[in-house]
Every structure is written in structure tokens, then in C-alpha cells.
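Below you'll find the structure, written out as C-alpha cells, and then a few comments.
Numbering (my numbering), first residue to last: 73 to 366.
Given below as C-alpha cells:
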């Protein structure tokens, strides 16, 4: 469960995932770290790639943070270093190399500091994951002790990785499977002022995941494959309906691309990634300049 707000004026932030589509939210949060820092929010909820970007946004290091976020997307994730369809054949790794992302990029090269989460002026940081045993979404608070393991669970994309990660006796996977845009959970917690960062246009809705795709994604867990097939599109499209027609007294600030970005879930083309990051920054900056931010 997500924590309740301390006051009716408290702000919450939701950051959507989507694998490499998160390059857009990367640009958005890089811009936000410069003009609207994380201490403006009481709650930050990240999904999949959105949880990784959110972690850097919260671990704000002043002028270094925007550069770190954009550098990771523009210079560290292109080509075959992070994602390669040859990994399972040549390196005995999954297509998406979580160890490269979390252990090397986050822990060592860019030194994401989990201890910053404990500082008093930082928001509560929650990560959405899918419980593969109980077939429910879980909202888990990131702490200095669990953050890196939690990010591995959040980025356990089906097919691209093994799709699961053992975390504190739970078998967890990408939160986007069951709650890709957790607007209902945040509203239920009591927040009325909510900023939502999307990686798709607001009007985009999705179709059900096909039977073959869901079975490939969770071939060893047919029960969850069925859950994914029946619930993913419903949760995604229901969230979009709420964003377009929010309940009374809910104030939404939605930052989304005006058109589809050229990146897909496993895109590694450097020009497409750089374009998408830049679009995210430009969209966020335009949002702030119009004073739509809460």
C-alpha cells in the first residue's frame, strides 16, 4: 500500500516505464531536476524504467543530476552493451543485461547513492512491481538497503530478461505487467495533486497481449501468463480513462509526448534515443514555462 499524504496540498509524482521508451521520461526528469526538484513532492512512484529515472531524480546532486540522467540515456545504453539479442548465445546473459545497468552503470560509474533516500527533505519513493506468485501489483518503498535489488525487480522485463527477481522472499517482476500507470493506487492513497509522466501520447490505448506472447514471456508460469493477458490492457486503458477524465477535486499535471517517439521497448539506436531524451526535456520545459506544474 502507498502511504497517505500528510496534507491535502501534498504532491505526488508518477513515472511510467516501458523499457527504452523511458528515454522520454529520462529527458523529462532531467529537466525537472533542474527546475522542479524532487523535494517538491511527498511521494514518487516509479514503474519499470521510470523507477530507475526516479531514483536519480530523487538522489539529486544539484547541477550534476540533469547531466547524469541524460548521459546515461545518450551515451551508455545504445549499441549492444546494454541490450543485445546475441547475449544469450555468446555471453550466457539475458537480452537486457541488468547487471550492466544496475551494478555497473548505477552503482559504480554514476554512483547512485541510496543513502540519500533517508534524508528528511526527500519524498517517499515507491516502486511498482508484479508479484508473480500471487498475481497482484505491489508498491514497495525503496530504502538504502533494498534499492538496487528493488530496481532489478522493477526492470525484470519479460522475454528481455528472465522476467523475475527474488526480493525478500517474493518472486517479483516488472510492475508494468499489472499496474503500468498506478494512478488509481495514488488516488486511493489520498493524493489530490498528481503529476504524471507518460512515455506515450495521452490518447494512446493498448490491446490485449496475445496468447503466444504471454506464454513466451512467462513459459514457466502459465497462471501469470493468463493474468497478464487478461489484466495488463485493462489496467493500462483504465488508467488512461482516469487521466483524461479525473475524479472531482483531483488536480492532474500530465507530461506526455504529443506524438509517438521513435523508440520501442528494446531500441538501442543512438540517434533515436538522443532525440527522445531531448523531446522529453523540451516537453517538460514547455510544461513548466506555462506554469502548469503543481
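Heads up, the beta-carbon is just placed ideally off N, CA and C, and yes, glycines get one too.
- DSSP places residue 272 in the coil class of the three-state scheme, outside both helix and strand.
- Each residue's CA atom was taken as its position, placing residue 324 and residue 264 some 8 Å apart.
- Closest option to residue 87, judged by alpha-carbon separation, among 348, 327 and 331: 327.
- By the Cβ rule, the segment 117-136 counts as touching the segment 221-239, because three or more pairs are nearer than 8 Å.
- Residue pairing by DSSP places residue 279 opposite no residue, since no beta bridge is assigned to it.
- CA-CA distance, residue 322 to residue 186, rounds to 32 Å.
- Secondary structure of residue 209 (DSSP, three-state): strand.
- DSSP, read as helix, strand or coil, puts residue 263 in coil.
- Counted as a single uninterrupted DSSP element, the alpha helix (DSSP H) harbouring residue 130 occupies residues 121-130.
- Residue pairing for residue 245: DSSP places it in a beta bridge opposite 202.
- In the DSSP assignment, residue 237 falls within the beta strand (DSSP E) that extends over 237-239.
- For the pair of segments examined, the segment 312-321 was found not to touch the segment 239-249: the number of CB pairs separated by less than 8 Å stays below three.
- According to the DSSP secondary-structure assignment, residue 324 is paired through a beta bridge with 266.
- Nearest to residue 206 by alpha-carbon distance, out of 112, 96, 298 and 97, is 298.
- Beta-bridge analysis with DSSP links residue 84 to 115 and 266.
- Cα atoms of residue 148 and residue 194: separation of roughly 27 Å, rounded to the nearest angstrom.
- Residue 329 places its beta carbon less than 7 Å from that of residue 96.
- As computed with DSSP, residue 155 is found in a beta bridge with 168.
- Per DSSP, residue 227 lies in no alpha helix (DSSP H) segment and is marked neither H nor E.
- Distance from the Cα of residue 90 is smallest, within the candidate group 230, 290, 78 and 121, for 121.
- Nearest Cα to residue 335 within the set 75, 145 and 119: 145.
- When the Cα atoms are used, residue 140 and residue 257 turn out to be separated by approximately 30 Å.
- In this structure, the beta-carbon distance from residue 85 to residue 116 falls below 7 Å.
- Sequence-distant partners of residue 308 (beyond 5 residues in either direction) whose C-beta falls short of 8 Å from its own C-beta, in its chain, are 252, 253, 277 and 278.
- Judged by DSSP secondary structure, residue 187 falls outside any alpha helix (DSSP H); it is assigned neither H nor E.
- Within the same chain, 96 and 348 come within 6 Å of residue 333 by CB-CB distance, once the 5 residues on both sides are set aside.
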